[in-house]
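Report on the structure given below.
In mature numbering (1 follows the signal peptide of the UniProt record, and there is no 0), the protein residues as written are -19 to -1, 1 to 171.
Structural data, given as structure tokens:
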């Protein structure tokens, strides 16, 4: 793969993580750059590891991963999205800004990062069939995701002040929509 195709692939793999990060940023109380960088690092590392895992699965698992990746992504993203919507609905209506958390738990970020990187695992499996050095590709995907997620969290900060009380609901809807889109794209491509 040349530089341009690697960069395009890395950008494509980071877009769903970016959308999820905007939702994560809206659910926080004025996220700072340190939290945005932390979130970007968690997503970026996971997004870089999944194509490597897909590569390792190789020929033996290509049909299994390809056949189920959209369902796995939908269940994980949809489940996290529904959880966020329900948590947002449970909050009292006059939500004060100080009621929002300052950071998300590592586990919540890791699960969201994994859910948005299932497609990168499938790409890794696909790249196992061609003569491509997977390490630079995985590094590019991880770096692009780190940058996009960091910026997404900070964009979520701006949107959070505009959206106000129901930021977590918005984030949950975004996650569910990403999962549904992945599922729809895969089912209609059959």
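The beta-carbon is built from N, C-alpha and C at its ideal position, and this holds for glycine as well.
For clarity, every value in this text was computed on a predicted model and none was experimentally measured.
Here the alpha carbons of residue 109 and residue -19 stand approximately 13 Å from one another. A distance below 8 Å separates the beta carbons of residue -6 and residue 126. By the Cβ neighbour-count rule, residue 117 is exposed, with fewer than 16 other Cβ atoms within 10 Å of its own. Closest by C-alpha distance to residue 2, out of 115, -10, 23, is 23. Rounded to the nearest angstrom, the gap between the Cα atoms of residue 105 and residue 139 is 34 Å. With respect to residue 155, residue 20 sits apart: the two C-beta atoms are not nearer than 8 Å. Secondary structure at residue 100: helix, using DSSP grouped into helix, strand and coil.
In the DSSP assignment, residue 5 falls within the alpha helix (DSSP H) that extends over -17 to 7.
Residue 101 is positioned such that its CB atom lies no closer than 8 Å to that of residue 162.
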